[in-house]
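Chains as they are written, first to last, in our numbering: chain A, 2 to 236; chain B, 14 to 489.
Take a look at the structure below.
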């Protein structure tokens with residue numbers, strides 16, 4: 002589970018806070034999609050959870066541990082897939098997975114590593130190929146495999162489907178559902194309204210660092226999300 | 014440290030084309046430096062051997078001439094006759110003081126291109142003749158000497174900087190840092206592991222090449238293990254300093270370009286600017302009399318002795334009344350007595366200048382000894398010189414022993430010359446045998462720069478780790 006309690010972050014030299022008194026809880030097995038335009042505070046929220054940005058006030062809590070006071074322990078429970086998953090081009094997919102897993106303290110046999118990659122949707126013939134020749138979608142899959150191998154309890158995603166073709170995007174959604182079924186709490190920052198509506202259990206619309214709306218899956222089914230989004234932006 | 018993670022970092026390094034290129038360059042440069050050092054060592058050995066052979070030949074020739082003159086019952090002027098102490102000592106004898114170079118000096122030329130290892134010791138003067146073969150020509154000095162110490166002091170830091178300047182910033186710019194930091198990693202162990210791998214690769218390769226080079230040039234067998242280990246220890250500590258500096262610069266969170274510029278500037282400052290400034294300060298604070306001053310004083314002394322010869326001789330006879338009757342009988346002073354008097358008087362007048370010269374040099378050296386702690390490059394270079402017997406201390410010991418040998422020669426021959434004694438004990442003439450400083454004294458002296466380099470490196474690393482821990486969130 003991840004929790005944000007009155008999270009506030011203001012960058013030096015800016016008039017308005019990037020994130021202002023944000024409260025949110027994402028339960029295990031829940032996928033929460035965070036919508037909002039550029040500068041709404043989505044990435045800052047993720048960075049506070051990752052421990053890359055220190056909040057001015059409030060708390061970011063992962064699996065009951067405060068990110069500010071237990072940075073290493075919270076990182077052990079976290080996985081993160083940015084918009085562009087950057088890996089080591091001179092290593093193969095399986096080598097990248099083995100390396101990042103060992104950094105996280107997990108050592109797997111070759112067969113286990115291959116299983117993670119296959120579960121993440123990477124074709125077997127790509128396991129041994131150098132990552133420098135991978136497409137963006139294939140890199141995303143290695144990123145998912147790293148999250149699977151880490152047995153992360155919380156997954157943070159930042160624009161994960163940006164730049165993916167519809168087929169790859171659909172495949173990615175399938176993987177997210179798999180992770181959700183494993184009781185992983187997922188927070189996904191995205192611009193993709195279609196994907197958010199299709200995949201998320203709840204959707205939040207951020208504006209000026211605050212959550213302007215939170216919609217459940219049931220509410221989403223009866224809401225024109227695009228209209229609500231545009232109305233919120235122009236309010 | 015986790016050995017598997019260490020192995021992964023090695024794999025990273027192995028796939029880095031820059032590491033291969035720089036490693037190859039290090040191999041070429043080190044082998045060239047060792048070959049260059051071996052060539053210089055061979056020249057030194059030849060100069061020493063030639064000098065000793067020439068000295069032996071002169072004695073053998075003198076013996077043969079003495080036998081020939083005896084056989085032919087011929088008389089020869091005492092000033093040239095090898096059967097007289099005067100003739101042998103002044104005309105035939107060529108006594109060389111030689112300092113056999115250490116095998117380890119293949120690694121460091123040090124001061125050996127300024128001070129020859131073979132000096133002709135004359136009876137008539139304390140100023141030792143210099144054999145041309147022992148001293149490098151000025152052009153070569155301008156170019157600097159390309160030896161293993163040069164590779165360590167100047168090139169090794171550049172290699173280490175090239176391999177470590179972007180250990181963290183490179184990951185950030187490549188976009189892999191967030192993923193790295195999320196795997197239960199703070200930046201500190203990651204940076205430490207990367208730098209350790211870079212350091213072990215560079216130093217391991219260098220040490221291997223140097224030992225192989227010493228073996229190939231036949232110098233390994235004669236190298237003292239303690240000195241060799243200490244030499245490599247200083248090289249390691251010096252490399253550790255540069256890695257620590259790279260870690261420190263990395264910990265500030267700058268871009269790769271910024272890190273590269275800062276580290277390159279530090280290299281320039283530490284290896285080029287600081288030693289030059291220290292040298293200038295030492296010469297400014299304790300200016301030594303120039304060689305020209307010494308020559309002018311020597312000429313003035315000679316001229317004055319020539320003008321005041323009668324008065325000086327009178328004073329000399331007061332000190333040596335046993336020589337006065339002979340002079341009165343001949344109605345003219347014995348040339349040998351005049352020479353002896355001139356030598357003593359010249360030495361008396363030059364002694365303060367020499368002392369001042371030596372004193373100022375000693376002060377300069379003492380100041381440099383203190384200021385060298387400002388520049389790790391100077392620390393390492395002086396330690397390398399010391400350990401290979403090419404440092405100032407070793408040459409000072411050598412010069413002191415040459416002076417003692419000169420005194421021993423004069424003490425042996427002068428009474429015989431003044432007494433106009435016949436001479437046949439060619440094999441009993443005092444010979445010079447250089448006694449090097451004991452190794453433990455050299456090692457004790459080298460321990461200071463070694464300890465200082467390690468201490469500076471440790472301080473920088475501790476400071477850097479604090480910075481890395483404090484700034485880790487911002488690094489991503």
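Every residue gets a Cβ at the ideal spot worked out from N, C-alpha and C, and that includes glycine.
Asked	Found
Rounded straight-line distance, which links the Cα of residue 232 of chain B to that of residue 210 of chain B	30 Å
Span of the beta strand (DSSP E) around residue 134 of chain B	131 to 134
Contact set between residue 121 of chain A and chain B, taken where Cβ atoms lie within less than 8 Å	Those do not exist, as residue 121 of chain A stays about 15 Å from chain B at its closest Cβ, beyond 8 Å.
Buried versus exposed call for residue 244 of chain A [16 or more other C-beta atoms within 10 Å across all chains shown]	What is shown of chain A runs 2 to 236, which leaves residue 244 of chain A out entirely.
Within-8 Å CB hit, residue 1 of chain A to chain B	Any property of residue 1 of chain A remains undetermined from this structure, which presents chain A solely from 2 to 236.
Secondary structure of residue 419 of chain B, DSSP reduced to three states	helix
Whole-number beta carbon distance between residue 25 of chain A and residue 59 of chain A, since they are thought to touch under 8 Å	At roughly 11 Å, the Cβ-Cβ gap does not stay under 8 Å, so residue 59 of chain A and residue 25 of chain A are not in contact.
For residue 196 of chain B, the three-state DSSP class (helix, strand or coil)	coil
Exposure label - residue 275 of chain B; buried when at least 16 CB within 10 Å	buried
Cβ pair residue 159 of chain A, residue 75 of chain A closer than 8 Å	no
Backbone CA spacing between residue 374 of chain B and residue 392 of chain B [nearest angstrom]	19 Å
Proximity winner among A:151, A:207, A:52, relative to residue 99 of chain A (alpha-carbon distances)	A:151
Where residue 403 of chain B falls, given that 16 or more other Cβ within 10 Å makes a residue buried	buried
7 Å Cβ shell around residue 241 of chain A - same chain, five flanking residues per side excluded	Absent from the model: residue 241 of chain A. The displayed extent of chain A is 2 to 236, so no value can be given.
Residue 97 of chain B, DSSP secondary structure in three states	strand
C-alpha gap between residue 42 of chain B and residue 164 of chain B, whole angstroms	7 Å
Short Cβ contact (8 Å threshold) for residue 388 of chain B with residue 287 of chain B	yes
Assigned secondary structure, residue 13 of chain B (DSSP; H/G/I helix, E/B strand, else coil)	Since the first and last residues shown for chain B are 14 and 489, residue 13 of chain B lies out of range.
Neighbour flag for residue 188 of chain B against chain A, beta carbons, 8 Å	yes
Length-filtered (4 minimum) alpha helix (DSSP H) runs lying within the region 16 to 80 of chain B	16 to 27
Burial state of residue 144 of chain B, where buried means 16 or more other Cβ atoms lie within 10 Å	Note on residue 144 of chain B: pLDDT 43, under 50, position unreliable in the model; no value is reported.
Uninterrupted alpha helix (DSSP H) stretches inside the region 392 to 471 of chain B (no shorter than 4 residues)	405 to 431
DSSP-derived helix/strand/coil call for residue 261 of chain B	helix
Assigned secondary structure, residue 107 of chain B (DSSP; H/G/I helix, E/B strand, else coil)	coil
Those residues which DSSP pairs with residue 6 of chain A across a bridge	A:60
Residue 49 of chain B versus residue 160 of chain B - alpha carbon distance	6 Å
Residue-level contact to chain B via CB, residue 135 of chain A, 8 Å cutoff	no
C-alpha gap between residue 154 of chain B and residue 123 of chain B, whole angstroms	Note that residue 154 of chain B has pLDDT 47, beneath the 50 cutoff, so the model's placement of it is unreliable and the number below is only indicative. Cα to Cα, residue 154 of chain B sits roughly 11 Å from residue 123 of chain B.
For residue 284 of chain B, three-class secondary structure by DSSP	helix
Three-state class that DSSP yields for residue 12 of chain A in the structure shown	coil
Three-state secondary structure (DSSP) of residue 119 of chain B	helix
Residues near residue 174 of chain B by beta carbon distance below 8 Å, same chain, minus five either side	255, 259, 273, 276, 277, 280
Check whether residue 134 of chain B and residue 110 of chain B have beta carbons under 8 Å apart	yes
Under 8 Å between C-beta atoms of residue 103 of chain B and residue 65 of chain B	no
7 Å Cβ shell around residue 117 of chain A - same chain, five flanking residues per side excluded	98, 146, 149, 150
Straight-line Cα distance separating residue 295 of chain B from residue 381 of chain B	6 Å
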